[in-house]
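Peer 1: One structure coming up, written as structure tokens, with questions to follow.
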Amino acid sequence: MMDLYNREIICYNISKIADVDFVINTLKVIPTLINPCILHCDRASVYTSKKYQTELKANNLITSFSAKAMPTDNACMEAFWANMKRETIHYEKMQNLGEHQIIEIITNYIEYYNMYRKMKVLNYLSPKEFKTKKY
Numbered sequence: 001m002m003d004l005y006n007r008e009i010i011c012y013n014i015s016k017i018a019d020v021d022f023v024i025n026t027l028k029v030i031p032t033l034i035n036p037c038i039l040h041c042d043r044a045s046v047y048t049s050k051k052y053q054t055e056l057k058a059n060n061l062i063t064s065f066s067a068k069a070m071p072t073d074n075a076c077m078e079a080f081w082a083n084m085k086r087e088t089i090h091y092e093k094m095q096n097l098g099e100h101q102i103i104e105i106i107t108n109y110i111e112y113y114n115m116y117r118k119m120k121v122l123n124y125l126s127p128k129e130f131k132t133k134k135y
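Under the UniProt record's numbering, read the sequence shown as residues 1 to 135, first letter to last.
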């Protein structure tokens with residue numbers, strides 16, 4: 001999950017299967033958020049499910065959905081995934097790696113991205129630097 005204030009990845013979870021329970025477990029590792037907090041996502045069935053929506057309401061979280069077939073509504077997260085693929089290992093090469101190696105690549109990239117990856121939109125600061133400066 002990305003905080004749009006500073007484009008920081010604030011939590012993540014890795015699994016071969018992204019079912020409702022997986023997504024709810026990911027919610028449980030979100031750091032303390034300022035309420036009200038809006039969680040924006042695409043219209044995948046896990047996010048529109050009654051079980052997920054009930055969990056959000058129980059935690060005072062508000063849902064925002066992308067329009068149908070509009071990945072540009074989730075542009076920041078889509079850009080993150082595109083950059084990660086381009087800057088690490090492209091999908092075809094990942095098919096030859098083991099699960100542990102893929103998890104390590106993703107974990108290392110997220111740490112790099114949050115701590116060191118400079119972004120024009122953040123005045124050429126990394127997400128963590130931008131948050132520290134409190135623009």
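Just so it is clear, CB atoms sit at the ideal spot from N, CA and C, and this is done for glycine as well.
Keep in mind the model is a prediction, meaning the values are calculated, not measured.
Which complete beta strand (DSSP E) runs does the region 61 to 96 hold, if anything under 3 residues is left out?
Peer 2: Taking only runs of at least 3 residues, the beta strand (DSSP E) segments lying wholly in the region 61 to 96 are 61 to 65.
Peer 1: Please determine whether the Cβ atom of Thr-72 lies at a distance below 8 angstroms from any heavy atom of the ligand GDP.
Peer 2: Inclusion of the ligand GDP in the displayed structure is not the case, the ligand content being empty and no account of it being possible.
Peer 1: Excluding the 5 residues flanking Thr-48 on each side, which residues of the same chain have their C-beta closer than 8 angstroms to its C-beta?
Peer 2: Against the sequence shown, residue 48 aligns to sequence position 48. Phe-65.
Peer 1: When the Cα atoms are used, what is the spatial distance from Lys-120 to Ser-126?
Peer 2: As a first step, residue 120 is located in the sequence shown; it is residue number 120 there, counting from the start. As a first step, residue 126 is located in the sequence shown; it is residue number 126 there, counting from the start. Straight-line Cα distance between these residues: approximately 9 angstroms.
Peer 1: On the DSSP bridge assignment, give the partners of residue 148 in chain order.
Peer 2: Within the shown structure, residues of the chain are numbered from 1 to 135, placing residue 148 beyond reach of any answer.
Peer 1: Taking only the alpha-carbon atoms, compute the straight-line gap between Asp-73 and Glu-99 and give it to the nearest angstrom.
Peer 2: Walking along the sequence shown from the start, residue 73 turns up at place 73. Walking along the sequence shown from the start, residue 99 turns up at place 99. Roughly 30 angstroms separates the two Cα atoms.
Peer 1: Who are His-40's beta bridge partners in DSSP?
Peer 2: Walking along the sequence shown from the start, residue 40 turns up at place 40. Note: His-40 sits in a beta bridge opposite Ser-64.
Peer 1: What are the boundary residues of the alpha helix (DSSP H) that includes Asn-25?
Peer 2: Within the sequence shown, residue 25 is the residue found at index 25, counting from 1. That run of the alpha helix (DSSP H) goes 20 to 27.
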